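Chains A and B, in that order, give the protein sequences. Counting from 1, one number per residue, gives the positions in the first sequence under full-length UniProt numbering. Counting from 1, one number per residue, gives the positions in the second sequence under full-length UniProt numbering. Ideal placement from N, C-alpha and C gives every residue a C-beta, glycine not left out. Given the structure is predicted, the values throughout are model-derived calculations rather than measurements. Data block below; observations after.
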Amino acid sequence: MAEPRTSDVGELSYEQARDELVAVVSRLEQGQTTLEESLALWERGEALAQRCEHWLIGARDRLDRARSERAGAEPNGDE
Amino acid sequence: MSPQPATMEAPWPVAELGARLREYIDRLGTIWIEGEITQWGVSGGNVYGKLKDLEQDATVSFTIWSSVRSKLPATLSQGDRVVALVKVNYWVKGGTLTVQVMQMKQLGLGALLERIEQLRAQLGAEGLFAPERKKRLPFLPGTIGLITGKDSDAEKDVLRNAQLRWPHVRFRTVHAAVQGERTVPEVLSALATLDADPAVEVIIIARGGGDFQNLLGFSDERILRAVAAATTPVVSAIGHEADRPLLDEVADLRASTPTDAAKRVVPDLAEELLRVDQARSRLSQRVTSLIQNEQERIQQLRSRPVLVDGGWIVDQRSQELTMLVARGDELAVRRVGDELALVERLCAQMRALSPRATLDRGYAIVQGADGGVVRTPSDAPDGRELVVSLSGGRLAARSLGPAASAPAVPDSRDD
Numbered sequence: 001m002a003e004p005r006t007s008d009v010g011e012l013s014y015e016q017a018r019d020e021l022v023a024v025v026s027r028l029e030q031g032q033t034t035l036e037e038s039l040a041l042w043e044r045g046e047a048l049a050q051r052c053e054h055w056l057i058g059a060r061d062r063l064d065r066a067r068s069e070r071a072g073a074e075p076n077g078d079e
Numbered sequence: 001m002s003p004q005p006a007t008m009e010a011p012w013p014v015a016e017l018g019a020r021l022r023e024y025i026d027r028l029g030t031i032w033i034e035g036e037i038t039q040w041g042v043s044g045g046n047v048y049g050k051l052k053d054l055e056q057d058a059t060v061s062f063t064i065w066s067s068v069r070s071k072l073p074a075t076l077s078q079g080d081r082v083v084a085l086v087k088v089n090y091w092v093k094g095g096t097l098t099v100q101v102m103q104m105k106q107l108g109l110g111a112l113l114e115r116i117e118q119l120r121a122q123l124g125a126e127g128l129f130a131p132e133r134k135k136r137l138p139f140l141p142g143t144i145g146l147i148t149g150k151d152s153d154a155e156k157d158v159l160r161n162a163q164l165r166w167p168h169v170r171f172r173t174v175h176a177a178v179q180g181e182r183t184v185p186e187v188l189s190a191l192a193t194l195d196a197d198p199a200v201e202v203i204i205i206a207r208g209g210g211d212f213q214n215l216l217g218f219s220d221e222r223i224l225r226a227v228a229a230a231t232t233p234v235v236s237a238i239g240h241e242a243d244r245p246l247l248d249e250v251a252d253l254r255a256s257t258p259t260d261a262a263k264r265v266v267p268d269l270a271e272e273l274l275r276v277d278q279a280r281s282r283l284s285q286r287v288t289s290l291i292q293n294e295q296e297r298i299q300q301l302r303s304r305p306v307l308v309d310g311g312w313i314v315d316q317r318s319q320e321l322t323m324l325v326a327r328g329d330e331l332a333v334r335r336v337g338d339e340l341a342l343v344e345r346l347c348a349q350m351r352a353l354s355p356r357a358t359l360d361r362g363y364a365i366v367q368g369a370d371g372g373v374v375r376t377p378s379d380a381p382d383g384r385e386l387v388v389s390l391s392g393g394r395l396a397a398r399s400l401g402p403a404a405s406a407p408a409v410p411d412s413r414d415d
C-alpha cells in the first residue's frame, strides 16, 4: 500500500490545513478513488484534522494565558 | 513769482522750502482719512492722539481742539476704527506738521462687517477655507504651542483643562496682545516662532471672547495668510459664537472656547484607557468566537461519515468483493445451466439425425467384414460374411448371393 504523506502536516498553517481537510473530505465523498488512494486520503484527513484541533487548542490556551496575565497585571483596589 | 530751481550755487533759503511745503499741503484742503486710534490723550480739553493705518505700518499724529471735541461722539476711544475729516497744516516757523481733526466718527459695524465679508469671499475663492487643505491634528501632541494674552483666563483655561485630561502634556506658550494695534504683529511673530519649532506639533491661538471690535485683529488678512501658510496645524479658540472672526475659517480646527480647544487637542487619559479596555474586550470576544467557530467547523468535518472511521473504506471494498463473488457464482451456475440445455438440445438433434432412429423403425444396416456398408447385392457375393445391425442388436450372417425376389420395402411415408 502507498505510504500516506502526513509528515508535512505539522508545517502547514491553520488555514492551509483546514482548507486541505475540506478538499480531502470532498474527494472521499465523491468516491472516485482507488482503495489505496482512499486509505491514504483518510490517513491524511485524520492528520489534518488533528493538526487543526491542536492549533485551535493552542490558540485558546494563548488567549487564556494573555487574559490571566492581564488580570494579574491590573492593580487591585487595595494596592 | 517762482524762484529759480535750487542748485548748489543758488540754493533755496529754508523759508522758501517751508513756504513751498505749506503751499502744497494747503492745496490738499480738508480730506477724509481712515485708521485706528492707537493713542488718545486729553490735555487742557484738547485731544492729542495717533491714528494708525488699518493694514500698513503708517501712523500720523492728530489734534482735536476742545471746540471740535464737544461735537464728537463721547464714546470715541483708543482701539476704535474711525474715519476723520482732517486739515493738514505745515508750520513754517517750527517746521512741524499737524493734522487737525474737524470731524470724526466710528466706522459703522456694517462697514466693518462688509469688509470682513469681502475678505471672506476673496480668501474663500483662493481656497484658504477648503476642508481638503486643513491639516489633521496629532492624536497626542508632544508639545502644544499656545498663543494667548499674558496671565489671561484663556491661558489658564487651556493649561488647566489640558493637564486634567493628560497630566504630562507639554506646552510652549508665547504671549501676544490679543486686542488693539499690537495684536497683528505680535500674533504673527508668535506664530512664526512656534511654527519654526520642530517640537511643537499643534498651535492654539486663544482669547476669551470679547467685543466684536476687539476681535478684528483675528480677521486681519496678514494673520489669516500666515495661519494658512503654517506647516503646523493651528486651532482657533477665540471664543466668540456670534460674528466669528475669519481665523475660525482658516484654522485647521475651530474650538468654541479655550476650554474646548484643550479638550479637542489633548485626549482624555481616563477616556482613552477605557477605550483601550473596551477594544481589548471586543478583541478578546472576537478571537474567542473565531476560535469557537473554527472548532465547530473542524468538528463538523471530523463527524462526516467519510472521516469518522476509515473502516468504511475496507468495508465498502469488502462488500464489493462479496457482491462480485456472488455475482460470479450466479453467472457460473447460469452458464452451466445454459451449456446443459445446449448439450441436451444438441443431443436431441444428434439423436434425430442418428441411424438408430431408422433401425427402430425395422430397418437394418448390413456391413461387410471390413465394416463397409453393403448397399447393393453385388457388394455381398455368395458366401461373404456379413454383420447385420438391428434395433435390438447385431447378428452374424453369410450371403447366399442375389435373391430371386424379396418382400416389398415399406415406404418411409407409411412409417
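| 8 Å Cβ cutoff, A:Glu69 in contact with chain B | It does not; no Cβ of chain B falls within 8 Å.
| Extent of the continuous beta strand (DSSP E) to which B:Asn161 belongs | Element bounds for B:Asn161: not the beta strand (DSSP E) but the alpha helix (DSSP H), 153-165.
| task | Compute the Euclidean distance between the alpha carbons of B:Gln103 and B:Thr59, then round it to the nearest angstrom. | result | When rounded, the separation of the alpha-carbon atoms in B:Gln103 and B:Thr59 is 18 Å.
| query | Okay, do the region 34-47 of chain A and the region 310-319 of chain B touch, 3+ Cβ pairs below 8 Å being the bar? | reply | As far as the Cβ criterion goes, the region 34-47 of chain A touches the region 310-319 of chain B, which means the pair count is three or higher.
| request: Output, in sequence order along the chain, the residues in the region 317-331 of chain B whose CB is closer than 8 Å to any CB in chain A. | output: Under the 8 Å Cβ criterion, the region 317-331 of chain B contributes Arg317.
| query | Closest Cβ-Cβ distance between B:Leu307 and chain A: below 8 Å? | reply | Between B:Leu307 and chain A, the shortest Cβ-Cβ separation is below 8 Å.
| request: Check whether the Cβ atoms of B:Ile204 and B:Val235 sit closer than 8 Å, and answer yes or no. | output: Between B:Ile204 and B:Val235, the C-beta gap is smaller than 8 Å, which places the two residues in contact.
| request: Kindly list, in the order they appear in chain A, the residues whose Cβ is closer than 7 Å to that of B:Val287. | output: Correct list: Leu63.
| request: Could you check the C-alpha separation between B:Gly372 and B:Asp379 for me, to the nearest Å? | output: Approximately 9 Å, taken between the alpha carbons.
| task | Determine whether the Cβ of B:Gln278 lies closer than 8 Å to any Cβ atom of chain A. | result | B:Gln278 does not count as touching chain A.
| task | Return helix, strand or coil for B:Glu249, following the three-state DSSP convention. | result | In the structure shown, B:Glu249 sits in a helix (DSSP, three-state: H, G or I).
| field | B:Ser354, buried or exposed, once every other Cβ within 10 Å from all chains shown has been counted against 16 | value | Its Cβ having fewer than 16 others within 10 Å, B:Ser354 is exposed.
| Can you tell which of B:Leu194, B:Gly208, B:Leu72 has its C-alpha closest to the C-alpha of B:Gly149? | For the residues B:Leu194, B:Gly208, B:Leu72, the minimum Cα distance to B:Gly149 belongs to B:Gly208.
| query | Which residue from B:Thr358, B:Val200, B:Gly41 puts its Cα closest to that of B:Leu137? | reply | Residue B:Val200 is the option with its Cα nearest to B:Leu137.
| query | Is the region 169-181 of chain B touching the region 122-129 of chain B in the sense that three or more CB pairs, one from each, lie closer than 8 Å? | reply | Because the criterion of three Cβ pairs below 8 Å is not met, the region 122-129 of chain B and the region 169-181 of chain B do not touch.
| field | Own chain residues within Cβ distance below 6 Å of B:Trp65, not counting five before or after | value | Hits under 6 Å: Asn46.
| Straight-line CA distance for A:Arg67 to B:Glu294? | About 20 Å.
| Looking only at DSSP bridge pairs, what is B:Gly209 linked to? | By DSSP's assignment, B:Gly209 forms no beta bridge with any residue.
| message | Could you give the first and the last residue of the continuous alpha helix (DSSP H) run that contains B:Val178? | response | Premise fails: B:Val178 is in no alpha helix (DSSP H) and is neither H nor E.
| task | Taking only runs that begin and end inside the region 315-388 of chain B, name each unbroken alpha helix (DSSP H) of 4 or more residues, in chain order. | result | For the region 315-388 of chain B, the full-length alpha helix (DSSP H) segments reaching 4 residues or more read 356-360 along the chain.
| field | Reduced DSSP category for B:Gln78 - H, G, I as helix; E, B as strand; rest coil | value | The answer is coil: DSSP assigns B:Gln78 none of H, G, I, E or B.
| Short CB-CB distance (under 8 Å) between A:Leu12 and chain B | Under the Cβ criterion of 8 Å, A:Leu12 is not counted among the residues facing chain B.
| message | Any beta carbon from chain B within less than 8 Å of A:Arg44's own beta carbon? | response | Not an interface residue.
| task | Determine the DSSP secondary structure at B:Ile204, reduced to helix, strand or coil. | result | In the structure shown, B:Ile204 sits in a strand (DSSP, three-state: E or B).
| Between the Cα of B:Tyr90 and the Cα atoms of B:Gln100, B:Ser256, B:Ala84, which residue gives the shortest distance? | Comparing alpha carbon positions, the residue from B:Gln100, B:Ser256, B:Ala84 closest to B:Tyr90 is B:Gln100.
| query | What are the boundary residues of the beta strand (DSSP E) that B:Val99 is part of? | reply | From DSSP, the beta strand (DSSP E) with B:Val99 extends over 96-106.
| message | So B:Leu28 and B:Val88 are supposed to be a Cβ contact under 8 Å. How far apart are they, rounded? | response | At roughly 6 Å, the Cβ-Cβ gap stays under 8 Å, so B:Leu28 and B:Val88 are in contact.
| query | Mapping DSSP to helix, strand and coil, what is B:Ser189? | reply | B:Ser189: helix per DSSP, three-state reduction.
| query | Alpha carbon to alpha carbon, what distance is there between B:Val83 and B:Ile33? | reply | Straight-line Cα distance between these residues: approximately 6 Å.
| said: Quick check on B:Ala58: does DSSP put it in helix, strand or coil? | reply: Three-state result, B:Ala58: coil.
| message | What does DSSP give as the partner residue(s) for B:Ser43 in the beta ladder? | response | Residue pairing of B:Ser43 in beta bridges, as defined by DSSP: B:Asn46.
| What residue range is occupied by the uninterrupted alpha helix (DSSP H) comprising B:Arg222? | The continuous alpha helix (DSSP H) containing B:Arg222 extends over residues 221-229.
| In three-state DSSP terms, what is B:Gly35? | B:Gly35 falls in the strand class under three-state DSSP.
| query | Residue range of the alpha helix (DSSP H) that B:Ala15 falls in? | reply | Its alpha helix (DSSP H) spans residues 14-28.
| B:Ala199: beta carbon under 7 Å from a heavy atom of the ligand NAD? | In the structure shown, the ligand NAD is absent, as is every other ligand, since no ligand is present at all.
| A:Ala49: contacting residues in chain B (beta-carbon distance under 8 Å) | For A:Ala49, the neighbours in chain B by C-beta distance under 8 Å run, in chain order, Ile298, Leu301, Arg302, Leu307.
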